[in-house]
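Protein chains: 2
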Amino acid sequence: MNKTTQQEIHLANRPVGLPTMTAFDFVEKAIPVLEENEVLVRTLYLSVDPYMRGRMIDAKSYIPPFQLNEVITGGAVGEVIDSKSDAFKRGDVVTGNLNWAEYTAASDKAIRKIDPTLAPITTHLGILGMPGLTAYFGLLDIGKPQKGETVVVSGAAGAVGSVVGQIAKLKGARVVGIAGTDEKIDYLISELGFDAAVNYKKDSFADDLKEALPNGVDVYFDNVGGVVTDAVFTHLNKFARIPLCGAISSYNNESKEVGPRPQSAMIKTSALMKGFTVGDYTADFNTAATDLGTWLSEGKLKYEETIVEGFEHIPDAFLGLFKGTNLGKMLVKIADPEVAVL
Amino acid sequence: MNKTTQQEIHLANRPVGLPTMTAFDFVEKAIPVLEENEVLVRTLYLSVDPYMRGRMIDAKSYIPPFQLNEVITGGAVGEVIDSKSDAFKRGDVVTGNLNWAEYTAASDKAIRKIDPTLAPITTHLGILGMPGLTAYFGLLDIGKPQKGETVVVSGAAGAVGSVVGQIAKLKGARVVGIAGTDEKIDYLISELGFDAAVNYKKDSFADDLKEALPNGVDVYFDNVGGVVTDAVFTHLNKFARIPLCGAISSYNNESKEVGPRPQSAMIKTSALMKGFTVGDYTADFNTAATDLGTWLSEGKLKYEETIVEGFEHIPDAFLGLFKGTNLGKMLVKIADPEVAVL
Numbered sequence: 001m002n003k004t005t006q007q008e009i010h011l012a013n014r015p016v017g018l019p020t021m022t023a024f025d026f027v028e029k030a031i032p033v034l035e036e037n038e039v040l041v042r043t044l045y046l047s048v049d050p051y052m053r054g055r056m057i058d059a060k061s062y063i064p065p066f067q068l069n070e071v072i073t074g075g076a077v078g079e080v081i082d083s084k085s086d087a088f089k090r091g092d093v094v095t096g097n098l099n100w101a102e103y104t105a106a107s108d109k110a111i112r113k114i115d116p117t118l119a120p121i122t123t124h125l126g127i128l129g130m131p132g133l134t135a136y137f138g139l140l141d142i143g144k145p146q147k148g149e150t151v152v153v154s155g156a157a158g159a160v161g162s163v164v165g166q167i168a169k170l171k172g173a174r175v176v177g178i179a180g181t182d183e184k185i186d187y188l189i190s191e192l193g194f195d196a197a198v199n200y201k202k203d204s205f206a207d208d209l210k211e212a213l214p215n216g217v218d219v220y221f222d223n224v225g226g227v228v229t230d231a232v233f234t235h236l237n238k239f240a241r242i243p244l245c246g247a248i249s250s251y252n253n254e255s256k257e258v259g260p261r262p263q264s265a266m267i268k269t270s271a272l273m274k275g276f277t278v279g280d281y282t283a284d285f286n287t288a289a290t291d292l293g294t295w296l297s298e299g300k301l302k303y304e305e306t307i308v309e310g311f312e313h314i315p316d317a318f319l320g321l322f323k324g325t326n327l328g329k330m331l332v333k334i335a336d337p338e339v340a341v342l
Numbered sequence: 001m002n003k004t005t006q007q008e009i010h011l012a013n014r015p016v017g018l019p020t021m022t023a024f025d026f027v028e029k030a031i032p033v034l035e036e037n038e039v040l041v042r043t044l045y046l047s048v049d050p051y052m053r054g055r056m057i058d059a060k061s062y063i064p065p066f067q068l069n070e071v072i073t074g075g076a077v078g079e080v081i082d083s084k085s086d087a088f089k090r091g092d093v094v095t096g097n098l099n100w101a102e103y104t105a106a107s108d109k110a111i112r113k114i115d116p117t118l119a120p121i122t123t124h125l126g127i128l129g130m131p132g133l134t135a136y137f138g139l140l141d142i143g144k145p146q147k148g149e150t151v152v153v154s155g156a157a158g159a160v161g162s163v164v165g166q167i168a169k170l171k172g173a174r175v176v177g178i179a180g181t182d183e184k185i186d187y188l189i190s191e192l193g194f195d196a197a198v199n200y201k202k203d204s205f206a207d208d209l210k211e212a213l214p215n216g217v218d219v220y221f222d223n224v225g226g227v228v229t230d231a232v233f234t235h236l237n238k239f240a241r242i243p244l245c246g247a248i249s250s251y252n253n254e255s256k257e258v259g260p261r262p263q264s265a266m267i268k269t270s271a272l273m274k275g276f277t278v279g280d281y282t283a284d285f286n287t288a289a290t291d292l293g294t295w296l297s298e299g300k301l302k303y304e305e306t307i308v309e310g311f312e313h314i315p316d317a318f319l320g321l322f323k324g325t326n327l328g329k330m331l332v333k334i335a336d337p338e339v340a341v342l
């Protein structure tokens, strides 16, 4: 490696409302020199995820905020270029939180090796990674769908939602997806086998949703919040369960969002709503990863990826999440491997 | 019994906003003649409860609405005057849903005998009845307070809230009550042993609440909803549990109440919120009633009653619930027993 400097993307300010490119600074930095137990990882794919919007705000949450004028980090897959750790060697393919940079000096405790022969390496950022695990735990631990029940999922064509719906089908539920383009609606029904799917951007949304829910809603896996959620709440069945995964509709709001309070509907139906993050379930990651891997290898789970190419387009890809430009997992391809054999 | 007619109170219209006396019709009706397996019950005490406001609206809920121009019904204690059932005899003291009337012809399946020697008969409408059971199940099944955790209860000086706080103390929690008068605040701390209590009507409410919650909130038993609940939500701890019992602050709203959406705070804290009604727990009524009766007889639970006297004041008592005029259980005394020996 002859290069000594690289591009990093820093958080330039704390955006108010929908972020624009001005939130991101491209900064030339020295490629880091390794210390003991560190590994130099060359980024191959970066994951952009809705939760990262929350880290741009200086507020207490389940994960600390990004620091101003420091590099942004996120889920990634990379190849080991150099290693001062006994646990990794040049050519290993790894996943973990990496910098929005071409190279990251990662602690050997912060990354783990993946086997590129078992599944495409990008699946570790999607169906076999954080989004897949999120879908698995939220649906099965909180939603607990029973055979014949109706499961509704918002953000249904996204990285999490698409897995939620497919697992719910595996469990024998009737599955209704909510998404924002006709292409996504078609994908959910034709490719993923959803029983129905409804476009929330259509004027007929309320009627379409009602028609898709002849037996009400037993599980509502909520990725989006806002008015979509308000509409679903009018169809809750007795003892409905609502895994709260995200509220992407509100992430760019400039003030605290108001809406109809959900409490009355929940009392009437004895409904349960529970927030969660995948980090709540670390003890069960292995079981979940095994299940997901098995279902994937058996062809019972499908996935889609929207891959944006080029380091300079990372901010575009991130911002695209809020416009719904992705089908399935949104990824940025940074580089082809130099050393690793895929 | 020489009387042949009696007063009943009918629902005259479906009130919008805070009901007034015009919602209630006093109607002269024949005292009913018994059919087989019916019991003539003379009303001694009627219970007025916030949930009854919901039954005045023509909307689907966990309990059907009151019918227009028909008698209102509610929890009551009475004495058996006449019986065409083998299960009851004249002089028995019974509880069940009775008419807002001096006499009710009740199915023998709809009432149950109570033993007036074990506890005052009014306790079957309060601490040993629906409100006590509601507190018990919501707190223990959903809230699950652990020793040393902080439990907050709104409507803390009411029939449900006062039991919630005391059971939470028995379970070793730190208990903070929210109520609307200084008299109630004093009662919660001095009489019921709450660790702190905060008056939500004071301008300093937000600061007072913060001061009362140095360790945040692990369980929030919500009887009131609205802005009180908004304030509590800013203090939720990781994995907080929120039994949703009522939302009395909104029962008289003329349109659907809007407020800050709770979902984001719940995702950040992995909080659980669950609506419930006491009817969800019928299978466990005996266990709960035994526990409550034992704690009461051991002096571990205290209770207060606000007793309004006279049939003609039933509507006043009911409307008083929304002004918070009651300390503990709000009851209406209709008559002293004629036959039963208490």
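Residue numbers (full-length UniProt numbering), protein chains in the order written: chain Y, 1 to 342; chain S, 1 to 342. Here a beta-carbon is modelled for each residue, glycine too, at the ideal position from N, C-alpha and C.
Residues of the stretch 264-280 of chain Y that bring their beta carbon within less than 7 Å of a beta carbon in chain S comprise S264, M266, I267, K268, T269, S270, A271, L272, M273, K274, G275, F276, T277 and D280, in sequence order. Rounded to whole angstroms, the separation of the alpha carbons of Q67/S and T95/S is 22 Å. Membership of E28/Y in the beta strand (DSSP E) is indicated by the continuous run F24 to A30. As DSSP reads the structure, F221/S sits in a beta bridge with V153/S. Counting every other CB atom within 10 Å of its CB across the protein chains shown gives I81/S a total of 16 or more, marking it as buried.
By the beta-carbon neighbour count (other beta carbons within 10 angstroms, threshold 16), G172/Y is exposed. Cβ-Cβ distances below 8 Å link G74/Y to L46, S47, V48, D49, M52, N97, L98 and W100 in the same chain, with the five nearest sequence neighbours on each side left out; the list follows chain order. For P19/S, the closest C-alpha among the options L44/S, M56/S and I31/S is that of M56/S. In terms of Cβ geometry, P260/Y and K256/S form a close pair [threshold 8 Å]. Per DSSP, N199/S lies in no alpha helix (DSSP H) segment; the continuous beta strand (DSSP E) that holds it begins and ends at A196 to N199.
Apart from the 5 residues on each side of it in sequence, D58/Y sits with its Cβ closer than 7 Å to the Cβ of R14 and P65 in its chain, given in chain order.
The contact set of L244/Y on chain S, defined by CB atoms closer than 8 Å, consists of Q263, M266 and I267 in chain order. Chain-order list of chain S residues neighbouring S61/Y: K268, by C-beta distance under 7 Å.
The criterion of a C-beta distance shorter than 8 Å is satisfied by T269/Y and G275/S. Close to E309/S, with beta-carbon spacing below 8 Å, lies no residue of chain Y; the smallest spacing is near 32 Å.
DSSP places L133/S inside the alpha helix (DSSP H), whose first and last residues are M130 to F137. At a C-beta separation below 7 Å, S154/S has no neighbours in chain Y, since its nearest C-beta there lies roughly 12 Å away. Interface flag for G225/S against chain Y is set, since a Cβ pair is found closer than 8 Å.
At a cut-off of 3 residues, the continuous stretches assigned as beta strand (DSSP E) that sit fully inside the stretch 76-134 of chain S are 93-99, 103-107 and 111-113. Distances from the CA of K89/Y to each of T325/Y, R112/Y, K210/Y and Y281/Y were compared; the closest alpha carbon is that of R112/Y. Per the coordinates, the alpha-carbon of G155/S lies some 40 Å from the alpha-carbon of R174/Y. Listed by position along chain S, the residues whose Cβ is nearer than 7 Å to that of E149/Y form an empty set, because the closest Cβ is around 18 Å away. The C-alpha of E35/S lies about 14 Å from the C-alpha of A87/S. Against chain Y, the CB of K210/S has no partner CB under 8 Å away; the residue lies outside that interface.
According to the DSSP assignment, V164/Y belongs to the alpha helix (DSSP H) that extends over G161 to L170. What A231/Y touches in chain S, judged by beta-carbon distance under 7 Å, is nothing: the nearest beta carbon there is about 13 Å away. The beta carbon of V219/Y lies closer than 8 Å to those of L139, G143, K144, P145, E149, T150, V151, V152, A168, A173, A240, R241, I242 and P243 in the same chain, with the five residues before and after it left out.
Think of a sphere of 7 Å around the beta carbon of S107/Y: no beta carbon from chain S falls inside it, the nearest being about 25 Å out.
Here the C-alpha atom of G246/Y lies approximately 31 Å from the C-alpha atom of E254/S.
Per DSSP, the beta-bridge partners of S47/S are L331/S. Contact between the stretch 114-126 of chain Y and the stretch 303-319 of chain Y is present: 3 or more CB-CB pairs across the two stretches fall below 8 Å. With fewer than 16 neighbouring CB atoms inside 10 Å of its own CB, M21/Y falls in the exposed class. Per DSSP, the continuous alpha helix (DSSP H) segment holding G293/Y begins and ends at F285 to S297. Shown in chain order are the members of the stretch 245-259 of chain Y whose Cβ falls below 8 Å from a Cβ of chain S: C245, G246, A247, S250, K256, E257, V258 and G259.
Distance from the CA of A288/S to the CA of V160/S, rounded to the nearest whole angstrom, comes to 14 Å.
When secondary structure is reduced to three states using DSSP, H10/S falls in the strand class.
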